[in-house]
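Residue numbers (this note's numbering): 20 to 295.
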């Protein structure tokens, strides 16, 4: 579990790093697009559908502003998640001793609380997941931007103003390729790495259903043994010609049983849990 959280921390740090790079390059590219547009689109040079659609597509790659903040919030919660998990492991794996019952109470009280705490903290990683789709959409848009062969565009090659627009679009395209595509691809990979780790944490999308208590049970044995028992005996005799009777008691071995002998009732504590 410690390795899992270390990996999660590293991958989330990657998300934060690459998202900050993407943000920085987006800011620079946005300024460049505005500058090129102001320079080449004078006198309605960009009124045609081809340059207008190109600049519109440039403007769509701006939806990743929240990723660094989301990654920062998730990173801040990893130490808390680690400590909760360590405590849970400690409570559930400490060897039994004379304080066993006390430890059992501690487990039953702490485990549901720990699960609830982990679920809330894990939920902050959904903020990263929520931006993962936007990153993929942005990457698709960039691939579309890079796929256009502006140098071969006949519409923009007819006039000097059109060629100026064409060269401006090529310059913007080059900046997207050199400055933004790499960091964005790395961000998508980092997002995927975080998702792959989160899949191993059932509390991200499920909750812990937990119950505890005790069940009593009875034990007995069928006893059979020799025991001492009393037996009366009578003797007949005569004294001076007169009959006499003498009754007396003696101890001898007798068979006892089989008979059911109950033991003191026993109790088994239990804990049941599942993720639902």
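Glycine is no exception: its CB is placed at the ideal position from the N, C-alpha and C atoms.
Under three-state DSSP, which class holds residue 266?
-> Taken through DSSP and simplified to helix, strand or coil, residue 266 comes out as strand.
Tell me where the beta strand (DSSP E) around residue 216 begins and ends.
-> Following the DSSP letters along the chain, one finds residue 216 in no beta strand (DSSP E) but inside the alpha helix (DSSP H) bounded by residues 200-217.
Give the range of the beta strand (DSSP E) segment to which residue 153 is assigned.
-> Run containing residue 153: none in the beta strand (DSSP E); it sits in the alpha helix (DSSP H), 145-166.
Nearest to residue 216 (by Cα), restricted to the options 148, 39 and 54 | If we check each option's Cα against that of residue 216, 148 comes out closest.
Which residues mark the beginning and the end of the beta strand (DSSP E) in which residue 73 is found?
-> From DSSP, residue 73 is part of no beta strand (DSSP E) but of the alpha helix (DSSP H) over 68-78.
Could you check the C-alpha separation between residue 127 and residue 98 for me, to the nearest Å?
-> Each residue's Cα considered, the two are about 23 Å apart.
Any 3 or more C-beta pairs closer than 8 Å across the stretch 171-178 and the stretch 258-272 | Fewer than three beta-carbon pairs drawn from the stretch 171-178 and the stretch 258-272 are found closer than 8 Å, and the two stretches are therefore not classed as touching.
To the nearest angstrom, how far is it from the Cα of residue 30 to the Cα of residue 77?
-> For residue 30 and residue 77, the gap between their C-alpha atoms comes out near 29 Å.
Which residue or residues does DSSP assign as beta-bridge partners of residue 248?
-> According to DSSP, residue 248 bridges with 271.
Within 8 Å, strictly: CB atoms of residue 268 and residue 249 | Pairing residue 268 with residue 249 gives a Cβ-Cβ distance under 8 Å.
If you draw a straight line from the alpha carbon of residue 107 to that of residue 73, how long is it in whole angstroms?
-> So the two alpha carbons sit approximately 55 Å from each other.
Which of helix, strand or coil does DSSP assign to residue 97?
-> Note: residue 97 maps to helix in three-state DSSP.
Report all residues from its chain with a CB closer than 6 Å to the CB of residue 205; omit the five preceding and five following residues, and keep chain order.
-> Counting only Cβ-Cβ distances below 6 Å, and skipping sequence neighbours, we find 37.
Can you give the beta carbon distance from residue 143 to residue 93, rounded, assuming they're within the 8 Å contact cut?
-> The Cβ separation is near 5 Å, so the contact holds.
Taking the alpha helix (DSSP H) that residue 283 falls in, what are its first and last residues?
-> Taken as a continuous stretch (DSSP letters only), residue 283 belongs to no alpha helix (DSSP H), as it is neither H nor E.
Could you tell me the distance, in whole angstroms, from the CA atom of residue 138 to the CA atom of residue 40?
-> A direct Cα-to-Cα measurement between residue 138 and residue 40 gives close to 30 Å.
Per-residue DSSP class, three states only, for residue 89 = Here residue 89 carries a helix assignment [DSSP, helix/strand/coil].
With a cut-off of 8 Å on the beta carbons, I'd call residue 90 and residue 35 a contact; round off their distance for me.
-> Confirmed, Cβ separation roughly 4 Å.
So is residue 282 buried or exposed if we call it buried at 16+ other beta carbons inside 10 Å?
-> Its Cβ having fewer than 16 others within 10 Å, residue 282 is exposed.
N-terminal and C-terminal residue of the alpha helix (DSSP H) that residue 184 is part of = Segment 179-194, the alpha helix (DSSP H) holding residue 184.
Within the same chain, show all residues whose beta-carbon is closer than 7 Å to that of residue 203, passing over the 5 residues directly before and after it, in chain order.
-> Within the same chain, Cβ atoms closer than 7 Å to the Cβ of residue 203 are found at 41, 154, 157, 158 and 161, the five residues on either side in sequence being excluded.
Go to residue 234, then tell me how far its beta strand (DSSP E) extends in each direction, as first and last residue.
-> Secondary structure note for residue 234: its beta strand (DSSP E) is the uninterrupted segment 227-236.
Give the DSSP-derived three-state secondary structure of residue 242 in the structure shown.
-> Residue 242: strand per DSSP, three-state reduction.
Quick one: using the 10 Å Cβ neighbour count with 16 as the cut-off for buried, is residue 140 buried or exposed?
-> Answer is buried; the Cβ neighbour count reaches 16.
Would you tell me roughly how many angstroms separate the C-alpha atoms of residue 61 and residue 53, rounded to the nearest one?
-> One C-alpha to the other measures close to 13 Å.
Using DSSP with H/G/I as helix, E/B as strand and the rest coil, what is residue 260?
-> In this structure, residue 260 counts as coil in the three-state DSSP scheme.
Shortest alpha-carbon distance to residue 237 belongs to which of 69, 284 and 276?
-> If we check each option's Cα against that of residue 237, 284 comes out closest.
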